[in-house]
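Residue numbers (the numbering used here): 1 to 279.
Even glycine gets a Cβ: it sits at the ideal position worked out from N, Cα and C.
One structure is given below, encoded as structure tokens.
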Ligand code: SAM
């Protein structure tokens, strides 16, 4: 079975890690979401990674998944948006496991090898998407807009974007480049969600162990943003922030002390949601 484990594809392996977390969550009676495909998608790479993690250490990924599940369902359900773009979709199965309104077109962009592996697993599990889904293999650090447009994405209509578990792997200038491209393609009334760490996260004693684990695995966290609200306001978006443990992102599962969402000098792994207010 093909798995994305080659040394030139270490970022692709991180998609197996998060699938491994979803597989573990899927086994719980009090699970925050169901992902019946996660274990097969995680494969040996995901299973081996999760074996070395404590249950507490992956709670942020569980909460993040549920938070953005709810975000996608709320916006497609309430705002009438019919185009959803998952940048760095990895082995995410939201196209298959969420309850989508009619006429949703969902575009998944990631490395071609990751998407090919995903197709193979989902096909053999007979997975059927609950929306019109297109997988587009691209390098998101190079221009990727053309393949998306050719696949039928309509920039004149509002859209909903999610970049989950992705931006911390990129240099800050590439983060800006990608979010500029999203801004260009997003009509007024569009929505955007992503998670992002602040720079304190990279040096804070309590987060050091995780940051070192990422680096050792060849997928170092490097990209940060210290003021996502201001960053997005400059691009015509009105944004809000929350983080795991906050009242709207805890689900009764946060095991650590709660850090106020914008407390200076503290590490933050923010969930950013924003709506495009300028054309
Ligand atoms: N969003 C998914 C999730 O939360 O499970 C996947 C997150 S995974 C931690 C990071 C993903 O970013 C991987 O699937 C990897 O292939 C993708 N990625 C990293 N750099 C990329 C690039 N330059 N082009 C396309 N995808 C990239």
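Contact check, residue 69 vs residue 89, beta carbons under 7 Å: Here the question's residue 69 lines up with position 69 in the chain shown. Here the question's residue 89 lines up with position 89 in the chain shown. No, the Cβ-Cβ distance between residue 69 and residue 89 is not below 7 Å.
Whole-Å CB distance - residue 87 paired with residue 163, under 8 Å assumed: As a working mapping, residue 87 is identified with position 87 in the chain shown. As a working mapping, residue 163 is identified with position 163 in the chain shown. Contact check for residue 87 and residue 163: beta-carbon distance about 5 Å, within the 8 Å limit, so the pair qualifies.
From 18, 32 and 22, residue whose alpha carbon lies closest to that of residue 252: On the chain shown, residue 252 is found 252 positions in, with the first residue counted as 1. Of the candidates 18, 32 and 22, the one whose C-alpha sits nearest the C-alpha of residue 252 is 32.
Any C-beta of chain C under 7 Å from that of residue 210: Looking at the structure shown, chain C is missing, and only one protein chain is on hand.
Where residue 124 falls, given that 16 or more other Cβ within 10 Å makes a residue buried: Working through the chain shown from its first residue, we reach residue 124 at position 124. Exposed: under 16 other Cβ atoms inside 10 Å.
Between the CA atoms of residue 156 and residue 335 - distance to the nearest angstrom: Outside the shown range of the chain, which is 1 to 279, sits residue 335, and nothing can be said about it.
Expected contact under 8 Å - CB spacing of residue 188 and residue 276 to nearest Å: If you number the chain shown from 1, residue 188 lands on position 188. If you number the chain shown from 1, residue 276 lands on position 276. Yes, they are in contact, since the Cβ atoms of residue 188 and residue 276 sit about 5 Å apart, within 8 Å.
Cβ-based burial, residue 201 [other Cβ within 10 Å; buried from 16]: Reading the chain shown from its first residue, position 201 is the one you call residue 201. Looking at its Cβ environment, which holds 16 or more other Cβ atoms inside 10 Å, residue 201 is buried.
Residue closest to residue 50, alpha-carbon to alpha-carbon, out of 73, 65, 147 and 24: Position 50 of the chain shown, counted from the first residue, corresponds to residue 50. Among 73, 65, 147 and 24, the Cα nearest to that of residue 50 is on 24.
Ligand 1 heavy atom lying under 6 Å from the CB of residue 32: Position 32 of the chain shown, counted from the start, is the residue given in the question as residue 32. Distances from the CB of residue 32 to the heavy atoms of ligand 1 are all 6 Å or more.
Integer-rounded CB distance, given that residue 223 should sit under 8 Å from residue 171: The residue you call residue 171 lines up with position 171 of the chain shown. The residue you call residue 223 lines up with position 223 of the chain shown. About 6 Å separates the beta carbon of residue 171 from that of residue 223, a gap short enough to meet the 8 Å contact definition.
Cβ contact (3+ pairs, closer than 8 Å) linking the stretch 191–209 and the stretch 138–156: Per the Cβ contact rule, the stretch 191–209 is not in contact with the stretch 138–156 (fewer than 3 Cβ pairs under 8 Å).
Top-ranked residue by Cα proximity to residue 270, from 198, 220 and 257: Position 270 of the chain shown holds residue 270. Comparing Cα positions, the closest option is 198.
Every unbroken beta strand (DSSP E) inside the stretch 71–98 [3 residues or more]: Runs of the beta strand (DSSP E) inside the stretch 71–98: 83–87.
Proximity test, residue 135 beta-carbon vs ligand 1 heavy atom, cut-off 6 Å: In the chain shown, residue 135 corresponds to position 135, counting from 1. For ligand 1, not one heavy atom lies less than 6 Å from the Cβ of residue 135.
Proximity below 7 Å, CB of residue 258 to CB of residue 228: For the purposes of this step, residue 258 is identified with residue 258 of the chain shown, where counting begins at 1. For the purposes of this step, residue 228 is identified with residue 228 of the chain shown, where counting begins at 1. Here residue 258 is not near residue 228, since their CB atoms are 7 Å or more apart.
6 Å Cβ shell around residue 10 - same chain, five flanking residues per side excluded: By one-based count along the chain shown, residue 10 stands at place 10. In the same chain as residue 10, and ignoring 5 residues on each side of it, the C-beta atoms closer than 6 Å to its own belong to 218 and 219, in chain order.
Proximal residues to residue 4 (C-beta, below 8 Å), its chain only, five neighbours per side dropped: Sequence index remark: in the chain shown, residue 4 carries index 4 (1-based). The predicted model places residue 4 with a pLDDT of 37, which falls under 50 and marks its position as unreliable; any figure quoted below should be read in that light. The residues are 12, 13, 15, 16, 45, 111, 113, 114 and 117.
Test item: CB-CB of residue 22 and residue 35 under 7 Å: For this step, residue 22 is matched to residue 22 along the chain shown. For this step, residue 35 is matched to residue 35 along the chain shown. Taking 7 Å as the cut-off, the beta carbon of residue 22 is found closer than this to the beta carbon of residue 35.
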